[in-house]
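**Q** Using this note's numbering, read the sequence shown as starting at 45 and increasing by one per residue.
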Amino acid sequence: MGSVAERLSAELERPGLVLSEPAEVAAYTTDWTRQFSGAAPCVLRPRDTDEVARSVRACRKLGLALVPQGGNTGLVGGSVPRAGEVVLSLSRLNAIEAFDAASASIQVQAGVVLQALHEDLAARGHVFPVDLGARGSCQIGGMIATNAGGIKVLRYGHMREQVLGLEVVLADGTVLSNLNSLKKNNTGVDLKHVFIGSEGMLGIITRAVLQARPAPQAVQTALLALDTRHRLPELLTLLRERLRGLSSLEIITRDSIAFYKEQEPSARAPFDKPYPACVIVEEETGAGGNERDAFVERLSGVIEAGLAADAVIAGSDAQAQAIWRLRDGVTEAISRAGLTHKFDVTVPPGALPGFLDEMERLGDAAGDLRTLLFGHLGDGNVHVNMVQKPELAEQAFYAKGPALAESIYSHVAELNGSISAEHGIGIAKRAYLHHSRSAEEIDLMRGLKRLLDPDGMLNPGVLFKSD
Ligand code: FAD
Ligand code: 2HG
Ligand code: ZN
């Protein structure tokens, strides 16, 4: 019979495609949060679409389930094995294949890392307008599979809005290819949307054509200090009205900044006293000193209206990066600190002040947790992180999860929000999907799964328990 790795190697007859050394396999079996991990008999590392299709057919023939994996930065447990599945890593499909200046579109393989795409396009005077803290590791395929959002959704949308064409390997090994770069293509059901956001359970994304954009002439960045969170809806309204090129609007609450400072004592506090919240504002403008002056003028109107108490306005790229360092630093500090119950939710902007208060109340009531709130303010997307205090034992920490999730998600549902703004459902949220999706919608999703993957071999257990 032989081991799974031996049988797959014999079936595939491709040297270097099957990784089975336990120490090497282990690098693929725990996720970024360190809260999800499992064992895999081996890792498949195809180099192109054909090898992905062969790998899928070999797994099918041997009755093996598989977990597609990109950069393994997903935050809902969908990228690592749970019940002995084979991991299929897309990392070697890392070619940037073609750039078309006339349509500003770019064709890439699924394993291209976001930062590599940013750098490639920068050299061509263009940008890819999705950006997020995991840029150094997350891959285009994984970002499409999770419909990743990030810090520029406000102006440019999620991954979904950037995908023009897609190539996908289906569960039977069929290659479904529609790598066009057309903006307009109303030729029946747009099948790429079935796979965008499907978290690896309907097909394996191998290539994509993406919409790039000419780089903005200039980007202005500021950090506002708020002395109340209760006027956030007014702040949003005024900033949207005044800053026509608004491209990012991020919030970090006082406790999150304090936590970051504890973790990184060398980091400078942004203001000489703590404020209930800070907001990063970024606007794309024309070039030149007058544009910066006009940006300062627009923000002074916000201060005059009493919606911000103080502001730091970047005068250079380095100063802008220092402001963004605070935002990325909070996410990283939380990950370094210990175990965290993570809730990535959206609520309507008008509900934000009460929602933030309620999250802190729930965290305090649960006990021995630090509630850290931050996120993509412009989208009403709050990242609620409840971090284990040192005195809380691991088992007791995990025991608090289900009740917290139920309280938070039912509150989000009452507010007509979403229980997953941008990270997806994965394993972590599948028990709560009904808070954001109707029974009919969930049935239809199950039907799609049965149609495209009747044997349940692609990422079983993601989104809902396998039939
Ligand atoms: P993985 O983690 O490898 O996989 C994620 C899911 O996609 C899994 O279900 C996997 O099976 C599936 N998958 C992966 N590749 C493929 C493929 N080629 N075909 C089919 N399925 C596939 N997300 C946001 O939306 N906004 C943020 O601002 C944001 N910030 C982040 C910051 C940090 C520091 C970290 C660690 C994560 C952040 N994320 C954010 C989470 C986000 O989901 C991921 O960073 C990214 O979208 C996942 O890409 P990945 O290549 O790492 O995918
Ligand atoms: C971010 O915006 C990411 O930094 C991660 O989406 C959020 O860790 C989190 O909760
Ligand atoms: Zn985010």
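Note that the Cβ used here is the ideal one computed from N, Cα and C, for glycine as well.
Taking all protein chains shown into account, decide if arginine 78 is buried (16 or more other Cβ within 10 angstroms of its Cβ) or exposed.
**A** Burial call: exposed.
**Q** Opposite alanine 358 in the DSSP bridges: which residues?
**A** Its beta-bridge partners do not exist; DSSP assigns none.
**Q** May I ask you to verify whether the stretch 99-116 touches the stretch 243-255, counting CB pairs closer than 8 Å and requiring at least 3?
**A** Segments in contact, yes.
**Q** Check whether the stretch 271-279 and the stretch 191-211 touch, using three or more Cβ-Cβ pairs below 8 Å as the test.
**A** Flag = no, the stretch 271-279 and the stretch 191-211 do not touch.
**Q** If you draw a straight line from the alpha carbon of glutamate 327 to that of leucine 110, how long is it in whole angstroms?
**A** Computed Cα separation, rounded: 43 Å.
**Q** Could you check which residue in Asp92, Phe143, Ala142 has the C-alpha nearest to that of arginine 136?
**A** Comparing Cα positions, the closest option is Asp92.
**Q** What I want to know is whether the C-beta of serine 123 ends up closer than 6 Å to one or more non-hydrogen atoms of ligand 1.
**A** Yes, the Cβ of serine 123 comes within 6 Å of a heavy atom of ligand 1.
**Q** If we count Cβ pairs, one from each stretch, closer than 8 Å, do we get three or more for the stretch 236-246 versus the stretch 482-498?
**A** Touching, per the Cβ criterion.
**Q** Can glycine 470 and valine 120 be called in contact, C-beta distance under 7 Å?
**A** Yes, the Cβ-Cβ distance between glycine 470 and valine 120 is below 7 Å.
**Q** Which residues share a DSSP beta bridge with arginine 51?
**A** Partner(s): none; arginine 51 has no beta bridge.
**Q** Have a look at serine 482 and valine 506 and give me their C-alpha separation to the nearest angstrom.
**A** Those two C-alpha atoms are separated by around 18 Å.
**Q** With H, G and I counted as helix, E and B as strand and the rest as coil, what does DSSP make of glutamate 435?
**A** In this structure, glutamate 435 counts as coil in the three-state DSSP scheme.
**Q** Please identify the residue among Val431, Ala71, Thr297, Phe143 whose C-alpha is closest to the C-alpha of proline 125.
**A** The candidate whose alpha carbon is nearest that of proline 125 is Ala71.
**Q** Buried or exposed: where does alanine 54 fall if 16 or more other Cβ atoms within 10 Å of its Cβ makes it buried?
**A** Per the 10 Å Cβ criterion, exposed.
**Q** Check whether the Cβ of glycine 114 lies closer than 6 Å to any heavy atom of ligand 1, and answer yes or no.
**A** Yes; taking the cut-off as 6 Å, the Cβ of glycine 114 has a heavy atom of ligand 1 nearer than that.
**Q** According to DSSP, simplified to helix, strand and coil, what is glutamate 57?
**A** Correct three-state label for glutamate 57: coil.
**Q** Could you pull out every unbroken alpha helix (DSSP H) segment of at least 4 residues lying fully inside the stretch 388-424, listed in chain order?
**A** Taking only runs of at least 4 residues, the alpha helix (DSSP H) segments lying wholly in the stretch 388-424 are 396-410.
**Q** Is the CB-CB distance between alanine 457 and tyrosine 476 below 7 Å?
**A** Not in contact: alanine 457 and tyrosine 476 (Cβ atoms no closer than 7 Å).
**Q** DSSP on glycine 466, reduced to helix/strand/coil?
**A** For clarity, residue 466 is glutamate in the given sequence; the question names glycine instead. Glutamate 466 falls in the coil class under three-state DSSP.
**Q** Roughly how many angstroms separate the alpha carbons of phenylalanine 387 and arginine 288, rounded to a whole number?
**A** Distance between the alpha carbons of phenylalanine 387 and arginine 288: 31 Å.
**Q** Under the assumption that valine 428 contacts glycine 382 (Cβ atoms under 8 Å), give the Cβ distance between them as a whole number of angstroms.
**A** With a Cβ gap of about 16 Å, valine 428 and glycine 382 do not count as contacting.
**Q** Can you tell me whether lysine 433 is buried or exposed, with buried defined as 16 or more other CB within 10 angstroms of its CB?
**A** Flag for lysine 433 reads exposed.
**Q** For asparagine 460 and glutamate 484, I'd like the C-alpha separation in whole angstroms.
**A** Distance between the alpha carbons of asparagine 460 and glutamate 484: 18 Å.
**Q** In three-state terms, what does DSSP make of histidine 202?
**A** Correct three-state label for histidine 202: coil.
**Q** Are the CB atoms of glycine 244 and asparagine 224 within a distance shorter than 7 Å?
**A** Cβ distance not < 7 Å, so asparagine 224 and glycine 244 don't count as in contact.
**Q** By how many angstroms is the C-alpha of methionine 203 removed from the C-alpha of glycine 174?
**A** In the sequence as presented, glycine is not what sits at residue 174; that position holds valine. Spanning the two alpha carbons is a distance of roughly 7 Å.
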